[in-house]
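First comes the structure, then the notes that go with it.
Residue numbers (the numbering used here), protein chains in the order written: chain A, 1 to 435; chain B, 1001 to 1435.
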């Protein structure tokens, strides 16, 4: 624990101790044998696992849309790992079901709905799938029993900058990736509502059946926020379900200063929001929230297993939320977020969001001052390789439209400072100097 | 930790401290406020959470298909919670991806396949969904892009005793619950192969398109094992994908004495197997294993996100397994099972399985000796209520076909003894005596 929790956050230590796959296999003793290993050997194995694992709580881990370590959440996670609950019935998880209810209620309040429902899922991708299935259920409840065979071609609309889970969802749900219409975005990566409207008309003309629009609040590559209010107008006109994938950007709702980025979100029918990203709840912590209060989650998902959801129980079975889920066993993911929220209060969470966004701005200003930082050559993959091998920093890169591979800087953790921003620029500069 | 790990396993303590929902809400301070709570208050909250949570590691928690606490797995879980990895790319999770590969390889060996592939999922229900989607992909790869619209009615076959996730999967994947054919079982709860064959012919006659048979190894209520060899014969004759839901019973493969229960499993195309059940890896730890080695998981699931799965990386990107999954972020669930396996060896795991099955047999013999234990009256729900309020024991009940509600006893943990079996009978006897 000292190595993972303390040493890993020390900036004089490496973010990662890079080894290529074949070499790492040699270094670790991965093989599972007939007889067990003695305790001192197990301890060595644990140390090796820690040594060669990426320190995602290192202040210079900027590689993904999560980073840092919240100690309150970590305590909560230790507790739930030891208690090992499964959140499906009140009798097995009384506390964690009530905690989930309390957290969902508060998240619903921040979205701006008067009431609603929700469920925590293993990832934002799964939350997006839930939303797609709910929209389909709303469009035609018979699909639950009859399936899609013989129905007109269902079609959905999402930003060209949306998360790749929309395609995965369409494929998994039997809708087909070709029935995901990608709506053109502006120069900042925001969906253009007039383009959306045009594509809906076009689809109708072709005989397809539109049923869902997915807007994104915080796109994966550019961090763009779609104009929700205007998109909601289009959805209203066409009677379409509006889902907002706010997996990344939803946490801006905690900030009085930045919540305007999601203006109009209260008009959505469903929202995906991952506190494991900017609010550091630990992977996984992902809510799907639904405005409908007619128990649509249960109607759409229930399979009424008689061994689990007996109706003759001696308590109020409406707390047995397992039948709202595609899962059977489910982890108490709301609890770790609840603990952090309890510890910091809404104000403390707001400060974290504001701090991260202020640091991003600082970085932008610094980049403008630096020469050589509008990269026009294909150097990101080569700099990344040097960065990983040195272990000094982890930062993601990707291409985008006409642009070559570029670095995407993500700021989340309160352990990150201006010094880390400066280090980032210095380090990229240093690693790329001879190219 | 003392309260959760030590005190909770003390049989003189209660399994649960029962409170109905409204009363528990009063006892816990669940509300999330603007300002944070001081540390001493947080500690009190933690203690309350533990007090009112069910002790699933108590030797008398028999309520679900998981129980007990494995200390090696718990250490592994503490490590991964602190490291907070997401298992999608080698650069972020080098160790955990290699560990997953090693564990899957070994599980594939126990199934009896020469080679194969697999992935850990958030639950057996999700693994079953994966299998259904793979079978559909194999039947018609175009469905990934085109969807099900305009196709003939796809139909699948499973035991009348199967897990309810098959219906959930059919509904979620757009196939429809009415296209799940439930095949009649014998008196022991095993699927009857001749009935399966009859239903397949019947479906074809009606113009439906059979694509999948799901056999169950260890049904939820009766613990029945379908005759895999005979079912595989039927599948071969009809060219159908054979999936085995061994979420519960798969662990019997670890026992040389009991693996005959799954005779023929090597003929399956896919297998779901949850080490978080009988092998106590902690929720969630669920593998889907696939015989095909032509990279069908990646072909079926990939969405090729350019920001995550860049093809110009400096290492072998075949280790970036994230594109085999419906998830984006994914937990390192294989690691905790790996740690237990390392510590106990295959022989130690085998002993645990054998011990649990021997205790079940002991209980059966003792029930036969006891008067009043072939319950013919509807008393299980009432005894259950008394049991929960007393907190002495947790045991699941359900109806089954013509039978009234009855208790289902599940033995998993090595901390369970003959004394606990005797206590179970004494306690049910005691609680029901005046009925």
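From the three backbone atoms N, C-alpha and C, an ideal C-beta is built for every residue, glycine too.
Item: Does residue 1079 (chain B) pass the burial test, meaning 16 or more other C-beta atoms within 10 Å, or should it be called exposed?; Value: buried
Item: For residue 1031 (chain B), return the contacting residues in chain A, with the cut-off set at a CB-CB distance below 8 Å.; Value: 102
Item: I'd like to know whether the C-beta of residue 1387 (chain B) is nearer than 8 Å to at least one C-beta of chain A.; Value: no
Item: Counting only runs that start and end within the segment 71-146 of chain A, where is the alpha helix (DSSP H) found for 4 or more residues in a row?; Value: 71-83, 94-111, 124-139, 143-146
Item: What are the complete alpha helix (DSSP H) segments, minimum 4 residues, inside the segment 161-190 of chain A?; Value: 165-172
Item: Determine which residues of the segment 145-176 of chain A have a Cβ less than 9 Å from any Cβ of chain B, and write them out in chain order.; Value: 145, 146, 147, 148, 149, 150, 151, 152, 153, 154, 163, 164, 165, 166, 167, 168, 169, 170, 171, 172, 173, 174, 175, 176
Item: Compute the Euclidean distance between the alpha carbons of residue 233 (chain A) and residue 192 (chain A), then round it to the nearest angstrom.; Value: 13 Å
Item: Distance, Cα to Cα, residue 286 (chain A) vs residue 336 (chain A)?; Value: 11 Å
Item: Taking beta-carbon pairs under 8 Å, can you tell me which members of the segment 316-332 of chain A lie near chain B?; Value: 316, 319, 326, 327, 328, 329, 330, 331
Item: In the DSSP assignment, find the alpha helix (DSSP H) that holds residue 1021 (chain B) and state where it starts and stops.; Value: 1021-1027
Item: Any beta carbon from chain A within less than 8 Å of residue 1249 (chain B)'s own beta carbon?; Value: no
Item: Which chain A residues are close to residue 1449 (chain B), counting only those with a beta carbon under 7 Å from its beta carbon?; Value: No answer is possible for residue 1449 (chain B): the residues shown for chain B start at 1001 and end at 1435.
Item: With 16 as the cutoff for other CB atoms within 10 Å, does residue 447 (chain A) come out buried or exposed?; Value: Outside the shown range of chain A (1 to 435) lies residue 447 (chain A), about which nothing can therefore be said.
Item: Just how far apart, CA to CA, sit residue 48 (chain A) and residue 58 (chain A)?; Value: 18 Å
Item: Does the Cβ of residue 1035 (chain B) have 16 or more other Cβ atoms within 10 Å, making it buried, or fewer, making it exposed?; Value: exposed
Item: At the 8 Å Cβ level, is residue 1001 (chain B) part of the contact set with chain A, yes or no?; Value: yes
Item: By Cβ distance, which residues of its chain are closer than 8 Å to residue 1173 (chain B), with the 5 residues on each side in sequence left out?; Value: 1129, 1132, 1133, 1136
Item: Using beta carbons (cut-off 8 Å, strictly below), is residue 1006 (chain B) in contact with chain A?; Value: no
Item: Can you tell me whether residue 152 (chain A) is buried or exposed, with buried defined as 16 or more other CB within 10 angstroms of its CB?; Value: exposed
Item: Going by DSSP, name the residue or residues bridged to residue 270 (chain A).; Value: A:243, A:290
Item: Beta carbons nearer than 7 Å to chain B: which residues of the segment 255-268 of chain A have them?; Value: none
Item: Here's the rule: buried if 16 or more other CB atoms are within 10 angstroms of the residue's CB, otherwise exposed. What is residue 1071 (chain B)?; Value: exposed
Item: Does residue 420 (chain A) pass the burial test, meaning 16 or more other C-beta atoms within 10 Å, or should it be called exposed?; Value: buried
Item: Of all Cβ atoms in chain E, is any one closer than 8 Å to the Cβ of residue 303 (chain A)?; Value: The chain inventory of the structure shown lacks chain E, comprising the protein chains A and B.
Item: Check whether the Cβ of residue 1201 (chain B) lies closer than 8 Å to any Cβ atom in chain A.; Value: no
Item: For a test of the three-state rule: what should DSSP assign to residue 1397 (chain B), helix, strand or coil?; Value: strand
Item: In the DSSP assignment, what residue or residues form a beta bridge with residue 403 (chain A)?; Value: A:400
Item: Counting only runs of 4+ residues fully inside the segment 1271-1356 of chain B, write out the alpha helix (DSSP H) ranges in chain order.; Value: 1296-1301
Item: If you measure from the beta carbon of residue 133 (chain A) to each beta carbon in chain B, is any gap under 8 Å?; Value: yes
Item: Closest by CA to residue 257 (chain A), which one among A:109, A:349, A:413, A:7?; Value: A:349
Item: List the residues of chain A that residue 1407 (chain B) touches, going by C-beta distances under 8 Å, in chain order.; Value: Within chain A, no residue comes near residue 1407 (chain B); the closest Cβ sits about 11 Å away, beyond 8 Å.
Item: When DSSP labels each residue in this structure, what does residue 154 (chain A) get in the three-state scheme?; Value: strand
Item: Could you name the residues of chain B that residue 59 (chain A) contacts, counting a contact when the two beta carbons are closer than 7 Å?; Value: Ordered by position in chain B, no residue passes the 7 Å Cβ test against residue 59 (chain A), which lies about 14 Å from the chain.
Item: Just checking: is the beta-carbon of residue 1082 (chain B) within a distance shorter than 8 Å of some beta-carbon in chain A?; Value: yes
Item: Are residue 242 (chain A) and residue 118 (chain A) touching if we call contact CB-CB under 8 Å?; Value: no
Item: To which residues does DSSP link residue 225 (chain A) through a beta bridge?; Value: A:217
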